[in-house]
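Going by the working numbering, the first residue of the sequence shown is number 55, and it counts up by one from there. Don't be surprised by glycine CBs; every beta carbon is placed ideally from N, CA and C. Predicted, not measured: the structure shown is a model, and the values here were computed from it. I have placed the structure first, in the form of structure tokens, so that the comments after it can refer back to it.
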Amino acid sequence: MVKTIKPTMFSNDALKPSLFYYTGVIMTEFKPNPSNPLGLLLACPVYKISPLLCLKSIANIDVFIKDESHRMGLGSFKALGGVYAVATLLAEKWFETTGDKLNPEQLMSDKFKEFSGSTTFICASAGNHGLAVASGAKIFGAKAKIHLSEKVPHEFEQRLQQKSAVVIRSGKVYEDSVEAAMQDAANGNGVLLADGSWEGYTYAPSLVMEGYTVIAHELYEQFMQAKKWPSHVFVQAGVGGLAAAMAYMIRKYWPQQPEIIIVESELAPCLQVSHHHQKLITVAGDDSIMGRLDCKAPSLVAFQALEKAQVRYVTVSDKESIVATNILQEKNIGTTPSGAAGLAGLLKMLKTKKMKNSGPPSDFHPLIIVTENKL
Ligand SMILES: Cc1ncc(COP(=O)(O)O)c(C=O)c1O
């Protein structure tokens, strides 16, 4: 049985949306202001809170599912990051040029679109981040150029072209496309808007992550409404942006603290390995069918934020992610192995000796995030 928990918006005073669009703060460490993306989204006609479902009887337990598969018509949570970052960077450019701060309504004006026409955003993507950046560029009148490795499914290329983005196939694997996007921007062809971050490049990816904080904020409202909080939160990671944004928000705002478990593909466990060595490590490995999680290098900002948030790590195999995808499909939640990886992490925990011997404790109420729609 699926129960949907309907939220009341914004009961938390600390998280009231901004009235004015916010400009010009340099973030070197991840200290988001969740009011900023909320302020923008409330002015956005396609914004809706994504559903929180309570699914009975997955492996005989009740599982909370935050369903991001229809987010803003773009099919994944990534919509929250890329669109918001594009808007913020353009608003900052406007401020530098005119001295005026924009409010969210002005962002939709023809005058602003005309102003944005001279900016091209460049990024690499496993699919979803590129779609978010291309959509943001289209909405606000800018241009987008997206580098995809040859591994990225053709569907993404088509959807990107429908958003008027220029698509370039760059290299064999995700990391090749990241290099190509960096080079393209360094050649003066546009503004790099990556979702990963590294030494000397942290601001734009921090904005992307700031956009993702909306998910944890919505969940805050939804759990307040349900008067029930999860005991465990399973978040899948590629470069770690989503996981870090979730962990930051949970630790800072949620009244009841869950265990946070970061789920990575066993073929790309870059955050777990980096945690183990206490520094950023790029891992090597074969391709994973969890294509959007198959990032071999972690994001610096995300890694640092996760180190502060007391999280645990688990890896899942391709096979385990397929099992999880099929279970969700049986419950009419269509997703991919990347989108179902959180459930794969949960199922793996349920198979541990301790859980098998005595069963999950009575207060075991896990939350998973279904991060994308099926392709
Ligand atoms: C569907 C999906 N799930 C999870 C992730 C992981 O997010 P991050 O790279 O921020 O860790 C991505 C990243 O592209 C994604 O597209």
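Buried or exposed: which applies to residue i, given that a residue is buried once 16 or more other Cβ atoms fall within 10 Å of its Cβ?
| i | result |
| --- | --- |
| Ser231 | buried |
| Gly127 | exposed |
| Ser416 | exposed |
| Ser224 | buried |
| Ile80 | With a pLDDT of 40 at Ile80, under the threshold of 50, the predicted position of this residue should be treated as unreliable, and no value is reported. |
| His271 | buried |
| Asp348 | buried |
| Leu96 | exposed |
| Asn90 | buried |
| His331 | exposed |
| Ala338 | exposed |
| Thr425 | buried |
| Pro88 | buried |
| Asp340 | exposed |
| Pro284 | buried |
| Gly153 | exposed |
| Ser111 | exposed |
| Ser375 | buried |
| Gln290 | buried |
| Lys120 | buried |
| Glu384 | exposed |
| Ser203 | buried |
| Ser412 | exposed |
Going by DSSP, what residues sit across from residue i in a beta bridge?
| i | result |
| --- | --- |
| Glu313 | His286 |
| Glu318 | Thr369 |
| His201 | Ala178, Ile222 |
| Ser189 | DSSP, once it has assigned bridges, lists no residue as partnering Ser189. |
| Val424 | Asp121 |
| Val245 | Phe175 |
| Ile112 | Ile115 |
| Tyr255 | Trp252 |
| Ser130 | Glu426 |
If distances are taken between C-alpha atoms only, which option among the options comes closest to residue i?
| i | options | result |
| --- | --- | --- |
| Pro207 | Val227, Tyr257, Gly254 | Val227 |
| Val370 | Ile381, Ile316, Glu384, Pro415 | Ile316 |
| Ala196 | Gly136, Asn241, Lys155 | Gly136 |
| Ser123 | Leu400, Ser412, Ser392 | Ser392 |
| Thr174 | His329, Ala235, Phe118, Gly153 | Ala235 |
| Lys217 | Gln290, Lys333, Ile193, Phe169 | Ile193 |
| Pro158 | Thr151, Phe149, Ala145 | Ala145 |
| Asn241 | Phe169, Ile176, Ala363 | Ile176 |
| Tyr255 | Arg366, Ser353, Leu400 | Ser353 |
| Thr379 | Ile423, Lys408, Ala248 | Ile423 |
| His201 | Leu400, Pro86, Ala291, Val220 | Val220 |
| Met344 | Ala248, Ser260, Thr390, Val140 | Thr390 |
| Ala139 | Arg213, Leu107, Leu246, Gly292 | Leu246 |
| Lys281 | Asp121, Lys428, His419 | His419 |
| Ala395 | Lys407, Lys385, Lys408, Lys373 | Lys373 |
| Thr142 | Tyr257, Lys110, Lys385, Lys199 | Tyr257 |
| Pro105 | Glu253, Glu320, Val268 | Val268 |
| Asn243 | Tyr307, Thr406, Ser172 | Ser172 |
| Leu161 | Ser111, Lys350, Gln237, Gly93 | Gly93 |
| Ser163 | Ile376, Val262, Cys98, Glu384 | Cys98 |
| Asp238 | Asp249, Ala188, Leu109, Lys199 | Lys199 |
| Lys362 | Gln310, Ala248, Val377, Lys306 | Lys306 |
| Glu229 | Asn386, Thr406, Gly292 | Gly292 |
| Cys108 | Glu211, Glu253, Leu273, Glu204 | Leu273 |
Please go through the same chain and pick out, in chain order, the residues whose beta-carbon is closer than 6 Å to the beta-carbon of residue i, but skip the five residues on each side of it.
| i | result |
| --- | --- |
| Pro61 | Residue placement at Pro61 is flagged as unreliable, the pLDDT there being 42, under the threshold of 50; the coordinate-derived value follows with that caveat. Contacts found: Ile103, Glu275, Gln276, Gln279. |
| Tyr266 | Leu134, Gly135, Leu296, Ala299 |
| Phe288 | Ile315, Val317, Gly396, Gly399, Leu400, Ile422 |
| Tyr367 | Ile316, Gln326 |
| Val365 | Ala301, Ile314, Ile316 |
| Met303 | Thr267, Ala270 |
| Ala248 | Cys177, Pro259 |
Whose C-beta lies closer than 8 Å to the C-beta of residue i among residues of the same chain, with five residues either side of it excluded?
| i | result |
| --- | --- |
| Leu404 | Ala113, Ile115, Lys410, Pro414 |
| Gly388 | Ser123, Leu382, Asn427, Lys428 |
| Ile335 | Cys324, Val327, Ser328, Pro352 |
| Ser260 | Met81, Phe84, Pro86, Ser251, Val355 |
| Val377 | Ala398, Leu401 |
| Lys350 | Val227, Tyr228, Glu229, Ala322, Cys324, Thr336, Val337, Ala338, Gly339 |
Quick one: residues in its chain with C-beta nearer than 7 Å to the C-beta of residue i, no 5 flanking neighbours on either side, listed in chain order?
| i | result |
| --- | --- |
| Gly294 | Leu325, Pro352, Ser353, Ala356, Phe357, Leu360 |
| Val100 | Met126, Gly127 |
| Lys402 | Val368, Val370, Glu374 |
Using a threshold of 6 Å, is the CB atom of residue i nearer than that to any non-hydrogen atom of ligand 2?
| i | result |
| --- | --- |
| Val293 | By its list of ligands, the structure shown excludes ligand 2, since it contains just ligand 1. |
- [ ] May I ask you to verify whether the stretch 323-337 touches the stretch 354-361, counting CB pairs closer than 8 Å and requiring at least 3?
- [x] Short answer: they touch.
Open item on the list: Counting beta carbon pairs with one atom in the stretch 174-183 and one in the stretch 130-147, are three or more of them shorter than 8 Å?
Closed with: Yes, since at least three Cβ pairs between the stretch 130-147 and the stretch 174-183 fall closer than 8 Å, the two stretches touch.
- [ ] Mind the definition here: the stretch 109-116 touches the stretch 160-167 only if three or more C-beta pairs lie below 8 Å; say whether that holds.
- [x] Counting Cβ pairs under 8 Å, fewer than three are found: no touch.
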